[in-house]
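**Student:** Just so you know, the protein sequences line up as chains A and B, in that order.
Residue 955 is where the first sequence starts when you use our numbering, and the numbers rise one by one after that.
Residue 955 is where the second sequence starts when you use our numbering, and the numbers rise one by one after that.
For glycine and all other residues, C-beta sits at the position ideal for the given N, C-alpha and C.
Computed from a predicted model, the values in this text were never measured in an experiment.
2 protein chains.
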Amino acid sequence: MPMDVPESAPSPRGRRRIAEMIVTPVACPDPPLLNHHGVHEATFLRAVVRLRTADGLEGLGEGPGGGLFVQQLRAAAKHVVGADPYQIERLRVLVGDNQPVFAAIESACLDLIGKVTGRPVYELLGGPVRRRVSFAAYLFYKEEGDDPWGPALTPEQLVRQAERFHELYGMTVFKLKGGVLDPWQECATMRLLRERFGPRAGLRIDPNAAWSVETALRVAERLRDFDLEYLEDPTAGIEGMAQVARHTPIPLSTNMCVTAFDHVPAAFRAGAVQVVLGDHHGWGGLTAFRHLGAVCATLRWGLSQHSNSHLGISFAAMIHAAAAIPQLTYASDTHYPWNPHDVVRETDRFRFHDGAIDVWDAPGLGVSIDEDKLAAAAEAYERRGERLVRDDVGAMLDRDPDWLPLMPKW
Amino acid sequence: MPMDVPESAPSPRGRRRIAEMIVTPVACPDPPLLNHHGVHEATFLRAVVRLRTADGLEGLGEGPGGGLFVQQLRAAAKHVVGADPYQIERLRVLVGDNQPVFAAIESACLDLIGKVTGRPVYELLGGPVRRRVSFAAYLFYKEEGDDPWGPALTPEQLVRQAERFHELYGMTVFKLKGGVLDPWQECATMRLLRERFGPRAGLRIDPNAAWSVETALRVAERLRDFDLEYLEDPTAGIEGMAQVARHTPIPLSTNMCVTAFDHVPAAFRAGAVQVVLGDHHGWGGLTAFRHLGAVCATLRWGLSQHSNSHLGISFAAMIHAAAAIPQLTYASDTHYPWNPHDVVRETDRFRFHDGAIDVWDAPGLGVSIDEDKLAAAAEAYERRGERLVRDDVGAMLDRDPDWLPLMPKW
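Right under this line is the structure:
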């Protein structure tokens, strides 16, 4: 094969360089879910990346939205346009140290490679190690909203929400977003969930570090017999987590104190966690997420998959990741049931059976843009007026100007 | 894309399943290189793996030879034949916990994928991060042999060997296989190398753990001002290495006390090493070697590339690995200049300029079998009579029945 391709006969490689990068910021409705900071803003922001080749193929990526992210994506375009989608590590270095920006671009590159080769993205990541990807029901205390879920402000209402997840999607792993009610009410909720779903259900609680070390240890003691899969970020920081870990047999997991490879050595030395919740957005793409699996396996840590509010491009990427990463043995988180307003056509791929989604064989990510839905979501973003980042704190201050997100909350 | 491919129209995917696996054990002449165990056997053994698809593509792999390895490879064939070469992680699990066996098969799978997609293997590993792959001159004390190198049994002769490496290949990084002479003679050799090649030459010494902790510390003290890149396996075991590491500023490297992901946590906790010498043969394939890069980066360890006696298929794979793995910043080891009797046709790709080899753009590994040379090497293996493993110890016992490989040697 010649090193130089004659210009008179453009090679497939030449034709498949990235000719165009289109970034579309979108806003989509979000139900009034509660977390340690209060209530989610009524819309969530995402950005869609479309990379096109001269011969008309399109690769898709998605990342967290907001004006700042969109600006960073657009600034990266100078390295992306003209690049070969196979040259992922080169792009990583050129795009620089911004994991979600690179992740959205890498997703689109892998989607393109998959389309060129006729292979699903999970086959570009080592091939499938599972054909069904399990998800946890993501339970939120919530207010009444423009959604079919109703309010959930008591343990009983929360268990009804879990029942609905089980009925609609067959899920048997339940993750409660905690840090919202008094910790003892949240413990009561966990007890009710265990009673309702029996000893084989998977249970997790995630107060997003809203508890002090002392509170976390008291809660861990109360949850001790509940057979949790893990206790997620009960308290803040590697040192705080290590203090909790020393005194409870419940595995601790995190997507807060270990969010980058650089955090791993200190957390390992301190014995701060047993499970990392990673995702391709935060860890620098699907290949880096796969590397995180290798790191976790090396350190005998577990690996689970984190989620923020997302659309179907990210969901497809999360499914491909879970199909391919051997270490991802926990049911993944997803906000998808809360955010069904999608911008892709193939939403029928996202059907849960027994809490899991069957992996599909289509090339690339296996999703494509629904132009009408994307246009509507983009219009919603423009109508709203640009904000640099999602602003849950601002939404809370609109409700109560004296509110402050002090931590730890309990 | 349909989930089920109709049988009347075989898909490209179907045609590109692995239809045949051919394993060819070979024996090739090895010069009388000396190491801590004495002298290399006069031949070295390798095995060549050829995976063929129904449409006539062939993927190549190579691994350590000997009857045991060949039997293990052939036992793995039942999982390989009929498999899709993209399903690497699935094959890894099925082949089981035998890193060199899986590595040879994975190499052939990646070679096949590269040929199907028209892409060099390094582009299947994240794309090139460097276009030139640097190698260290692998210096051996040696006896007179049927080779153009002459004997090297004194510091002066060894430096003449290094000069020849520099003249022939332009190498400016020199690794001395130590553990052969008295450690103070080996220190004298290092001093002569530094004097001869100046302050910018890279110097390493590797006694294969032939020294006690006490000897290693005394040697490290003597080498302190020689500005070594690293001191490789001065002594045995994680604990021994940690004892040395605590008292010397010279970075310690290993391909003996950390040879699997499972060894990493203990070595990290103990502070035993600063650089790991990995390779795709020993660590379970090119993708696993890339994962080792991620692990090393996470722990702030360096990564270098280890070599055993090898032929051109392995050499090509080592070059692809070094082109693609960002963390592989040290010049790689290679035995190739000692073992030019190859079984591939494209040996002109292996031309060193300034100690480096230019990466090529051919699909897959970019090498193909020279059938005559392979047949001759296979005949040499058969003529020799099967042995289960390479047997340097047996070769020494033939010379001296009272010889014993006691360690530490000094």
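1. Measure from the alpha carbon of B:Ala1142 to the alpha carbon of each residue in B:Ala1224, B:Leu1177, B:Arg1154, then state which is nearest.
2. Going along the chain, which residues of its own chain have a beta-carbon closer than 6 Å to the beta-carbon of B:Trp1314, five neighbours each way excluded?
3. When we look at the beta-carbon of B:Pro960 and count the other beta-carbons within 10 Å, is it buried (16 or more) or exposed?
4. With 9 Å set as the bound, which would you pick, yes or no: does the beta-carbon of B:His1234 sit closer than that to a beta-carbon of chain A?
5. Tell me, please, whether the CB atom of A:Asp1065 is closer than 9 Å to any CB atom in chain C?
6. At 7 Å on the CB atoms, spell out the chain A contacts of B:Val1218, in chain order.
7. Mapping DSSP to helix, strand and coil, what is A:Ser1088?
8. Between which two residues does the alpha helix (DSSP H) holding A:Ala1349 run?
9. If we call anything under 9 Å between Cβ atoms a contact, is A:Ile1311 one with A:Val1087?
10. So within the segment 1175 to 1253 of chain B, which uninterrupted beta strand (DSSP E) runs reach at least 3 residues, ignoring any that extend past its ends?
11. At 7 Å on the CB atoms, spell out the chain A contacts of B:Val1298, in chain order.
12. If distances are taken between C-alpha atoms only, which option among B:Ala1349, B:Leu1171, B:His994 comes closest to B:Trp1364?
13. Which chain B residues sit within Cβ distance under 9 Å of A:Gln1228?
14. Taking CB distances under 9 Å as the criterion, tell me whether A:Ala963 reaches chain B.
15. At which residues does the alpha helix (DSSP H) containing A:Ile1067 begin and terminate?
16. Does the count of Cβ pairs from the segment 1278 to 1291 of chain A and the segment 1249 to 1261 of chain A closer than 8 Å reach three?
17. Using the Cα positions of B:Arg1044 and B:Gly1266, report the straight-line distance between them to the nearest angstrom.
18. From A:His1307, A:Ala1278, A:Ala1270, pick the residue whose C-alpha is nearest to that of A:Arg1084; which is it?
19. If the cut is a Cβ gap below 8 Å, which residues of chain B does A:Ala1044 touch?
20. Out of curiosity, what's the CA-to-CA distance linking A:Tyr1092 and A:His994?
21. Considering only residues of the same chain and omitting the five flanking positions on each side of A:Ala1275, which have a CB-CB separation below 6 Å?
22. I need the boundaries of the beta strand (DSSP E) containing A:Val1002, first residue and last residue.
23. Looking only at its own chain, which residues have a Cβ that is under 6 Å from the Cβ of A:Gln1281, when we skip the five neighbours before and after it?
24. I'd like to know whether the C-beta of B:Leu1246 is nearer than 9 Å to at least one C-beta of chain A.
25. So that I know if they touch, is there some Cβ in chain A lying closer than 9 Å to that of B:Asp1308?
26. Smallest Cα separation from B:Arg1223: which of B:His1201, B:Gly1232, B:Pro1205, B:Glu1193?
27. From the beta carbon of A:Arg971, is the nearest beta carbon of chain B less than 9 Å away?
28. Among residues of its own chain, excluding the 5 on either side of B:Lys1327, which ones have a beta-carbon nearer than 7 Å to its beta-carbon?
29. Run through chain A and tell me which residues come within less than 8 Å of B:Thr1071, C-beta to C-beta.
30. Exposed or buried, B:Asp1181, counting other C-beta atoms within 10 Å across all chains shown (16 or more means buried)?
31. Give the DSSP-derived three-state secondary structure of A:His1120 in the structure shown.
32. Taking the beta carbon of B:His1245 as the centre, do at least 16 other beta carbons fall within 10 Å, making it buried, or is it exposed?
33. Please report whether the beta-carbon of A:Val1047 lies at a distance below 9 Å from any beta-carbon of chain B.
34. Would the beta-carbon of A:Lys1131 fall within 9 Å of that of A:Leu988?
35. Could you confirm whether any beta carbon from chain A is found closer than 9 Å to the beta carbon of B:Arg1303?
36. In terms of alpha-carbon separation, which member of B:Arg1158, B:Leu1146, B:His1201, B:Pro1203 lies closest to B:Asp1187?
**Tutor:** A quick look at the data gives this:
1. As a working mapping, residue 1142 of chain B is identified with position 188 in the second sequence. Considering only alpha carbons, the answer is B:Leu1177.
2. Taking the second sequence and counting its residues from 1, one reaches residue 1314 of chain B at position 360. Hits under 6 Å: Arg1303, Gly1320.
3. Taking the first residue of the second sequence as position 1, residue 960 of chain B is located at position 6. Because B:Pro960 sits at a pLDDT of 34, beneath the cut-off of 50, its placement in the model cannot be relied upon, and the following sentence gives the value as read from the coordinates. Exposed: under 16 other Cβ atoms inside 10 Å.
4. For this step, residue 1234 of chain B is matched to residue 280 along the second sequence. No, B:His1234 lies away from the interface with chain A (no Cβ there is under 9 Å from its Cβ).
5. Included in the structure are the protein chains A and B, with no chain C among them.
6. On the second sequence, position 264 is the one that residue 1218 of chain B refers to. By Cβ distance, chain A contributes Thr1252.
7. As a position in the first sequence, residue 1088 of chain A is number 134, starting the count at 1. A:Ser1088 falls in the strand class under three-state DSSP.
8. Along the first sequence, read from residue 1 onward, the residue named residue 1349 of chain A stands at position 395. 1346 to 1353 is the extent of the alpha helix (DSSP H) around A:Ala1349.
9. Taking the first sequence and counting its residues from 1, the one referred to as residue 1311 of chain A is at position 357. Taking the first sequence and counting its residues from 1, the one referred to as residue 1087 of chain A is at position 133. Result yes, Cβ atoms of A:Ile1311 and A:Val1087 sit closer than 9 Å.
10. 1184 to 1186, 1206 to 1208, 1229 to 1232
11. In the second sequence, residue 1298 of chain B corresponds to position 344, counting from 1. Result: empty, since nearest Cβ-Cβ is about 16 Å, beyond 7 Å.
12. Stepping through the second sequence from its first residue, residue 1364 of chain B is reached at position 410. Closest by alpha carbon: B:Leu1171.
13. Walking along the first sequence from the start, residue 1228 of chain A turns up at place 274. By Cβ distance, chain B contributes nothing, its closest Cβ being about 13 Å from A:Gln1228, past 9 Å.
14. Stepping through the first sequence from its first residue, residue 963 of chain A is reached at position 9. Per-residue confidence for A:Ala963 stands at a pLDDT of 38, beneath the threshold of 50, marking its modelled position as unreliable; no derived number is given.
15. Looking up residue 1067 of chain A in the first sequence gives position 113. 1053 to 1071 is the extent of the alpha helix (DSSP H) around A:Ile1067.
16. yes
17. The residue you call residue 1044 of chain B lines up with position 90 of the second sequence. The residue you call residue 1266 of chain B lines up with position 312 of the second sequence. Approximately 27 Å, taken between the alpha carbons.
18. The residue you call residue 1084 of chain A lines up with position 130 of the first sequence. It is A:Ala1278.
19. If you number the first sequence from 1, residue 1044 of chain A lands on position 90. The residue you asked about is not Ala; residue 1044 of chain A is Arg in the sequence shown. Within chain B, the residues near A:Arg1044 are Gly1081, Pro1082, Val1083.
20. What you label residue 1092 of chain A is simply residue 138 of the first sequence in a count that begins at 1. What you label residue 994 of chain A is simply residue 40 of the first sequence in a count that begins at 1. So the two alpha carbons sit approximately 14 Å from each other.
21. The count along the first sequence starts at 1 and reaches residue 1275 of chain A at position 321. If we look at A:Ala1275 and ignore the five residues flanking it on each side, its Cβ neighbours are His1234, Leu1240, Phe1243.
22. Within the first sequence, residue 1002 of chain A is the residue found at index 48, counting from 1. Note, A:Val1002: beta strand (DSSP E), 997 to 1007.
23. By 1-based counting over the first sequence, the position of residue 1281 of chain A is 327. Contacts found: Gly1247, Cys1250, Ala1251, Leu1257.
24. As a first step, residue 1246 of chain B must be located in the second sequence, where it is residue number 292. Taking Cβ atoms only, chain A reaches closer than 9 Å to B:Leu1246, which makes this a yes.
25. Position 354 of the second sequence, counted from the start, is the residue given in the question as residue 1308 of chain B. Not an interface residue.
26. By one-based count along the second sequence, residue 1223 of chain B stands at place 269. Comparing Cα-Cα distances from B:Arg1223 to each of B:His1201, B:Gly1232, B:Pro1205, B:Glu1193, the minimum goes to B:Glu1193.
27. Translated into the one-based positions of the first sequence, residue 971 of chain A becomes position 17. Chain B contact via Cβ: absent.
28. Translated into the one-based positions of the second sequence, residue 1327 of chain B becomes position 373. If we look at B:Lys1327 and ignore the five residues flanking it on each side, its Cβ neighbours are Asp1296, Val1297.
29. Taking the second sequence and counting its residues from 1, the one referred to as residue 1071 of chain B is at position 117. Within 8 Å Cβ-Cβ: Val1070, Thr1071.
30. The residue you call residue 1181 of chain B lines up with position 227 of the second sequence. Under this definition B:Asp1181 is an exposed residue.
31. Taking the first sequence and counting its residues from 1, the one referred to as residue 1120 of chain A is at position 166. Three-state result, A:His1120: helix.
32. If you number the second sequence from 1, residue 1245 of chain B lands on position 291. With 16 or more other Cβ atoms within 10 Å, it is buried.
33. Here residue 1047 of chain A is taken as the residue at index 93 of the first sequence, counted from 1. It does; some Cβ of chain B falls within 9 Å.
34. Sequence index remark: in the first sequence, residue 1131 of chain A carries index 177 (1-based). Sequence index remark: in the first sequence, residue 988 of chain A carries index 34 (1-based). Cβ atoms of A:Lys1131 and A:Leu988: closer than 9 Å.
35. As a position in the second sequence, residue 1303 of chain B is number 349, starting the count at 1. So no, B:Arg1303 is outside the interface.
36. Position 233 of the second sequence, counted from the first residue, corresponds to residue 1187 of chain B. Ranking B:Arg1158, B:Leu1146, B:His1201, B:Pro1203 by Cα distance to B:Asp1187 puts B:Arg1158 first.
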